[in-house]
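Asker: In terms of this note's numbering, the sequence shown opens at residue 2 and continues consecutively.
Glycine included, C-beta positions come from ideal geometry on N, C-alpha and C.
Quick one: the structure is below, and I'll ask about it shortly.
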Amino acid sequence: MSENDVKVQNERRKVVLSGIQPTGVITLGNYVGAVSNWDKMQDEYDSIFFIADLHALTVRREPAEFRQGCMSFFAQLLACGIDPERAVLYFQSHVPAHTELQWILNCNTYVGEASRMTQFKDKSARHADNINMGLMDYPVLMAADILLFRSDLVPVGIDQKQHLELARDIAIRFNNRYGDTFVVPDGYIPKTGAKVCSLSDPTSKMSKSDPDPNGWVSVIEDEASIMKKFKRAVTDSGSEIVARPDKPGISNLLAIYSVMTGKSVEAAEKEFAGCGYGTFKTAVGEAVVEKFRPIREAYARFAADKAYIAEVAKAGAEKAARIAARTLSKVKRKVGLVSFDR
Ligand code: TRP
Numbered sequence: 002m003s004e005n006d007v008k009v010q011n012e013r014r015k016v017v018l019s020g021i022q023p024t025g026v027i028t029l030g031n032y033v034g035a036v037s038n039w040d041k042m043q044d045e046y047d048s049i050f051f052i053a054d055l056h057a058l059t060v061r062r063e064p065a066e067f068r069q070g071c072m073s074f075f076a077q078l079l080a081c082g083i084d085p086e087r088a089v090l091y092f093q094s095h096v097p098a099h100t101e102l103q104w105i106l107n108c109n110t111y112v113g114e115a116s117r118m119t120q121f122k123d124k125s126a127r128h129a130d131n132i133n134m135g136l137m138d139y140p141v142l143m144a145a146d147i148l149l150f151r152s153d154l155v156p157v158g159i160d161q162k163q164h165l166e167l168a169r170d171i172a173i174r175f176n177n178r179y180g181d182t183f184v185v186p187d188g189y190i191p192k193t194g195a196k197v198c199s200l201s202d203p204t205s206k207m208s209k210s211d212p213d214p215n216g217w218v219s220v221i222e223d224e225a226s227i228m229k230k231f232k233r234a235v236t237d238s239g240s241e242i243v244a245r246p247d248k249p250g251i252s253n254l255l256a257i258y259s260v261m262t263g264k265s266v267e268a269a270e271k272e273f274a275g276c277g278y279g280t281f282k283t284a285v286g287e288a289v290v291e292k293f294r295p296i297r298e299a300y301a302r303f304a305a306d307k308a309y310i311a312e313v314a315k316a317g318a319e320k321a322a323r324i325a326a327r328t329l330s331k332v333k334r335k336v337g338l339v340s341f342d343r
């Protein structure tokens, strides 16, 4: 993305920004809900994507494993088609403006607001032994991520909607207090397959934290393992292959098949009319394997080339830092910090 695009406010293309936490592997759920949409958006928007490594520190991590996981995650994003020629891609921790802006936003956010966030309450309950400040400050860092780049559109999963609302509230409050500074962003919840459900419990979201590893597959998983999990996928009573609320298992598999093949759910229903569940599950597994094969192959190449990842990540961070610096200096001026720049 060219910085001029951002500079020329009148003619600027819309800025789309999103972050993803580096939690080991990109699952089918992450792929359908986030990364595949990022891939599609790169041509249409000025795209900024980053690995939210600072957000990930709100949970205790084993340092060596975490570092390696972050590198692997970067390679997985490249393999999924995030293209450094068309998007800015970097590690959040490499651009200090994120946390600098966070501080100023902290001073414009109320403890009451932050402590009311559903995710904060959930995570506090789940990690009662580690309710750290970062956990409560998480959405303010996310607001900083978004507001730094004058983002217009922020693709997020449904579970992050409340955080996006808070970012909007903070932006509006700041603009009212100090004069027009931030773009108030819109959320973007993708239509197709916004939510992929667990293969072993189709009433809950597909998640790596699922204690049952049969519930999810990743973009770099080996083919035999993917096939095994799809063949075992939990289905519903009856034998019809149709998407209906009383058939969460079959509906989930149809949605996955639709996203993997680009066919509509209706077309898929027709294609499998009269087939047994077993045949259908095998076909869905094969579609996933086909879609992920080039990703797994590209991942192997990227993961083996640390120098390339370093080069791309550094260049991405430099570009991001240049864009962010403009917003940050404006914010500092607005709140009355001394500056000796012109
Ligand atoms: N909190 C987001 C999630 O877990 C990740 C994230 C961090 C993000 N910063 C962001 C998403 C900014 C969108 C915009 O999904």
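Determine whether the beta carbon atoms of L102 and V332 lie at a separation below 8 Å.
Answerer: Cβ distance < 8 Å, so L102 and V332 count as in contact.
Asker: Can you give the beta carbon distance from L200 to V235, rounded, assuming they're within the 8 Å contact cut?
Answerer: That pair is a contact at about 7 Å.
Asker: Name the one or two DSSP bridge partners that F92 has.
Answerer: Answer by DSSP bridge pairing, in chain order: I52.
Asker: Classify W217 as buried or exposed, calling it buried when 16 or more other Cβ atoms lie within 10 Å of its own Cβ.
Answerer: Under this definition W217 is a buried residue.
Asker: For the ligand TRP, is there a heavy atom less than 7 Å away from the beta-carbon of V155?
Answerer: Yes, since a heavy atom of the ligand TRP falls inside the 7 Å radius drawn around the Cβ of V155.
Asker: Taking the CB atoms as reference points, tell me whether T328 and A288 lie closer together than 8 Å.
Answerer: For T328 and A288, no; Cβs fall outside 8 Å.
Asker: Are the Cβ atoms of L106 and F121 separated by less than 8 Å?
Answerer: Taking 8 Å as the Cβ cut-off, L106 and F121 do not qualify as a contacting pair.
Asker: Would you tell me roughly how many angstroms separate the C-alpha atoms of S226 and F281, rounded to the nearest one?
Answerer: Spanning the two alpha carbons is a distance of roughly 17 Å.
Asker: For L18, is the beta carbon positioned less than 7 Å from some heavy atom of the ligand TRP?
Answerer: Flag set: Cβ of L18 near the ligand TRP.
Asker: Can you tell me whether K41 is buried or exposed, with buried defined as 16 or more other CB within 10 angstroms of its CB?
Answerer: Exposed, since its Cβ has fewer than 16 Cβ neighbours within 10 Å.
Asker: Give me the Cα-Cα distance between V89 and K248, rounded to the nearest whole angstrom.
Answerer: Spanning the two alpha carbons is a distance of roughly 40 Å.
Asker: Are G250 and P203 closer than 8 Å when you measure CB to CB?
Answerer: For G250 and P203, yes; Cβs fall inside 8 Å.
Asker: Please state whether DSSP places P156 in a helix, a strand or coil.
Answerer: The answer is strand: DSSP assigns P156 an E or B state.
Asker: How is Y300 classed by DSSP in three states: helix, strand or coil?
Answerer: Helix at Y300.
Asker: Report whether the distance from the Cβ of A53 to the nearest heavy atom of the ligand TRP is below 7 Å.
Answerer: The answer is yes for A53.
Asker: Please list, in chain order, all residues of the same chain as K292 whose beta carbon is under 7 Å from its beta carbon, the five residues on each side excluded.
Answerer: Result list for K292: M261, in chain order.
Asker: Between D146 and the ligand TRP, is there a pair consisting of the residue's CB and a ligand heavy atom that are separated by less than 7 Å?
Answerer: Yes, the beta carbon of D146 sits closer than 7 Å to at least one heavy atom of the ligand TRP.
Asker: Rounded to whole angstroms, what is the Cα-Cα separation between A314 and G20?
Answerer: Taking the straight line joining both Cα atoms gives about 14 Å.
Asker: Are the beta-carbon atoms of L142 and H56 separated by less than 8 Å?
Answerer: For L142 and H56, yes; Cβs fall inside 8 Å.
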